[in-house]
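Take the sequence shown: its position 108, counted from the start at 1, is 447 in the numbering used here, and no numbers get skipped. The structure appears right after this line, and notes come after that.
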Amino acid sequence: MIKLTLTPKTQPVSYVFEKNRIAIGSTLLDTFKIPSDPGNVSKPLHAEKNSNPRSKAKKFPTEENSKVISHQPDLPLPLPNLLPEHVTIEEIDDKYLAINVSNDPFTTLNGAPFRKKFLSNGDIIEIQSISIEFEALRTLATPIPQRINPNVDDLLRRVEELEASLREASGLNPLPKDHSQLPETDNHSFDLNPQNPNLRRKSLKDDYLRDLDEENEGDPIKNPNATPRFVISWTALFSFIVGLLFFCGAAFSIFYYSMIERSEREEIKVAAAVADVVMALNFAQINQALPQNQNWSDPDFLKHNLTAVLANRYKPLANIDSHGQFHGTSYILRIYTSNDLAHFLVIAQPNASLLQTLVPKSAIIVDSNIMELRKTKDLKTLNRLLIDPTLDSSNSGEIAYLVGKGELITFEQLNRSQKDGSFSNPKALAFIRPGAENLIYNALRYYHFGETLTKNAVSLYETRDNQHDVSHMMQQIEALMKFKNIVLYTTGGLQTAIAAQIALAAFAPQHKFLFGYLQLRSGVASSGHLLIDDASAVAALNPSETPKNDSFGSFKRLDAHGNKEKSHPLDYLIPELSLERHNALMAIDENLSELINSENAAPHPDFTRNCTLLLEKYELTDLKYQTWIAETLGLLSIATLNDEVPL
């Protein structure tokens, strides 16, 4: 198949030929005229006789100006002085050869004269002023076998003959009715009228045209009743809805859990503020201070007392406005007191809102009889007991029971929020007084609460001048006795803690307090240590050791004559120093025992090296503590000689 395009660069006109040989030239019989409709080209008489059915040119499907030429020459040109076969193109072994039959030197191929030359796609043949572009078209169509591609024209002709025979048969005269004697079952009449739609035989045309109808079924233009191609897929729709619900559920879950986490952070923040409020009220109770407007939730009153009890370098956390609202939170402060102001209840309750309904926050509650931070989400029962704004003894037990059922907020949770360790306390406190490590007044940030009393006790013990001050201090000691397992901190170190212990024992020998000394760093308590002062504490930390003296820990004891004799501070210092050394060495001993047990179970190549390292660590730790104990005892001896610590 050959495609020739006249004037391809200006006004291209394409011709397609299904021939092995094409002649290009001028005709002597006909005047060349390009028809407007290629389908109506009139053929000369001699061309009709010599025409070959296979030489019919087909219209090029993509070009509007394609022409069909079916007479000699195959491609006539409107030029003078041309032969009918001026140039020919022949197919030889799947290649196309251009032959300049007229030997015209002005006929060129790609700008050069030629006689015979093989063509390639895109080659340009110029004949005088007309350019012709050559292109070889290949078809991959394979002939369909005759058994599945019958001659349709022959079949249609036979069908028409059969239909004509049927029409002739229907026009014949009916036969005489001699068959009336036949049985009724055999008396049938056949309607051969082809116009009867029920009995008319289907034409074979219907079978061959059925494929065309099926092709047009899905086209809504050719077949208005056709089903749309884009039908909604219920599976895809269901998948989309499920995916949308899953996405919405995941987004809601992320939002819900983020709100829960935010609520927990807000609860811890408010709990720390409530602890400040409670300590301000405790200080006001001890010093018998009352608010001017009888409103214990007055911000100025709370701020004044909190400043007195809070260490200088610690920032107040109880920021409350005149309406009792905590700044930056959705909590409001409620305070209930008894008539004698000896019992109070502090509640931080979240405001009612839509978010509170979806993600309920807990209320923070502190009972002065318990002094622990508790939280609960059920305030209905407690509110029924608090109908009367004044607390009385009739319902104090029920209130303490309901508060005790709430979830405990530990100092460890508060320290994670504050990041400064202000709600920590000595580690030994949890062992010798279980539960005391979460009492609000034992936090390091409130060490002024007990240090004021210890300083006054030491000063009065050494001077004993003002009897009025002694009476006032005794009232403070009695007020402190309501705080169970309270630790009285001092910032003067170990010697000051021992002196305060001796002084308070002299004024109130019937009472026992826990004493601790702090290590300050830039004015902030970095750590606290507990002073071991009784046999029960030693037994709690080291059950294997039992005290030999039942009166160990009392600051005064009676001799044989009934006189009071002061105990030496070494009686209380040596057990504490020995206990710290023992605990440090026991940790290394346990590691060494585990190493030996693992070696017995399965030999380890590094056993010797690890064992040597542990033994060296044990010796260094022992030497370190021996040096520390010697230095501490030496300092205490110097203080005793200088009468800094009275014997």
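Yeah, the Cβ is synthetic: ideal placement off N, Cα and C, and Gly gets one too.
Roughly how many angstroms separate the alpha carbons of LEU768 and LEU778, rounded to a whole number? Annotation: LEU768 to LEU778 spans about 11 Å, alpha carbon to alpha carbon.
Which stretch, first to last residue, makes up the beta strand (DSSP E) that contains ALA437? For ALA437, the enclosing beta strand (DSSP E) has its first and last residue at 434-439.
What residue does the alpha helix (DSSP H) around SER578 start on, and which one ends it? Counting along the chain, the alpha helix (DSSP H) containing SER578 begins and ends at 573-625.
Please report the straight-line C-alpha distance between ALA628 and ALA619, rounded to a whole angstrom. Taking the straight line from one Cα to the other gives about 10 Å.
Going along the chain, which residues of its own chain have a beta-carbon closer than 6 Å to the beta-carbon of GLU746, five neighbours each way excluded? Excluding residues within five positions, the ones whose Cβ falls inside 6 Å are LYS714.
Can you tell me which of PRO419, THR830, LYS963 and ASP945 puts its alpha carbon nearest to the alpha carbon of ARG920? Considering only alpha carbons, the answer is LYS963.
Is there contact here, the region 703-712 with the region 679-694, by at least three beta-carbon pairs under 8 Å? As far as the Cβ criterion goes, the region 703-712 touches the region 679-694, which means the pair count is three or higher.
Considering only C-alpha positions, which residue in the set THR696, GLY582 and LEU416 is nearest to SER602? Of the candidates THR696, GLY582 and LEU416, THR696 places its Cα closest to the Cα of SER602.
Cα-Cα, which of PRO347, THR574 and LEU476 is closest to GLU465? The shortest Cα separation from GLU465 among PRO347, THR574 and LEU476 belongs to PRO347.
At what residues does the alpha helix (DSSP H) containing THR447 begin and finish? Where THR447 is concerned, there is no enclosing alpha helix (DSSP H), although the beta strand (DSSP E) around it starts and stops at 446-448.
Where the beta strand (DSSP E) containing GLN858 begins and where it ends: Here the beta strand (DSSP E) through GLN858 covers 853-860.
Spatial neighbours of GLY663 within its chain, please: C-beta separation below 8 Å, excluding the five flanking residues on both sides. The beta carbon of GLY663 lies closer than 8 Å to those of SER636, ILE671, LEU672 and ARG673 in the same chain, with the five residues before and after it left out.
Which two residues bound the contiguous beta strand (DSSP E) that contains VAL685? Element bounds for VAL685: 683-689.
Which first and last residues belong to the beta strand (DSSP E) in which SER330 is found? What is shown of the chain runs 340 to 986, which leaves residue 330 out entirely.
GLU817 by DSSP, collapsed to three states: which one? DSSP places GLU817 in the helix class (H, G or I) of the three-state scheme.
DSSP state of ASP706 mapped onto helix, strand, coil: Residue state, collapsed to three classes: strand.
So, are the CB atoms of ALA782 and PHE750 less than 8 Å apart? Taking 8 Å as the Cβ cut-off, ALA782 and PHE750 qualify as a contacting pair.
Would you mind reading off the limits of the alpha helix (DSSP H) that contains PHE356? Note, PHE356: premise wrong, no alpha helix (DSSP H); beta strand (DSSP E) at 352-356.
VAL426 bridges to which residues according to DSSP? Under DSSP, the beta-bridge partners assigned to VAL426 are ILE363 and ASN439.
Can you tell which of ASP443, ILE428, THR574 and LYS434 has the C-alpha that lies nearest to the C-alpha of LEU422? For the set ASP443, ILE428, THR574 and LYS434, the Cα lying nearest the Cα of LEU422 is the one of ASP443.
Burial state of PRO452 (16 or more Cβ within 10 Å): Using a 10 angstroms sphere on the CB of PRO452, the tally of other CB atoms stays under 16, which defines it as exposed.
Beta-carbon separation (whole angstroms), VAL826 vs ASN754, contact threshold 8 Å: Not confirmed; about 17 Å, so no contact.
Look at the Cβ atom of ALA657, then the Cβ atom of ASP615, and state whether they are nearer than 8 Å. Cβ distance < 8 Å, so ALA657 and ASP615 count as in contact.
Same chain, Cβ closer than 6 Å to LEU792, five either side skipped, listed in chain order: Its chain contains GLN815 as the residues whose beta carbon lies nearer than 6 Å to that of LEU792, once the 5 sequence neighbours on both sides are disregarded; these appear in chain order.
Return helix, strand or coil for LYS794, following the three-state DSSP convention. Helix.
Three-state secondary structure (DSSP) of LYS342: Here LYS342 sits in strand by DSSP.
Runs of 4 residues minimum, wholly inside the region 718-763: which ones carry the alpha helix (DSSP H) assignment? Unbroken alpha helix (DSSP H) stretches of 4 residues or longer found wholly inside the region 718-763: 719-724, 735-743 and 750-757, given in chain order.
Relative to the C-alpha of TYR828, which residue among GLY855, THR835 and GLN834 is closest? The shortest Cα separation from TYR828 among GLY855, THR835 and GLN834 belongs to GLY855.
Of the choices GLU606, GLY774, GLY832 and VAL613, whose alpha-carbon is the least far from that of LYS794? A check of alpha carbon separations from LYS794 across GLU606, GLY774, GLY832 and VAL613 identifies GLY832 as the nearest.
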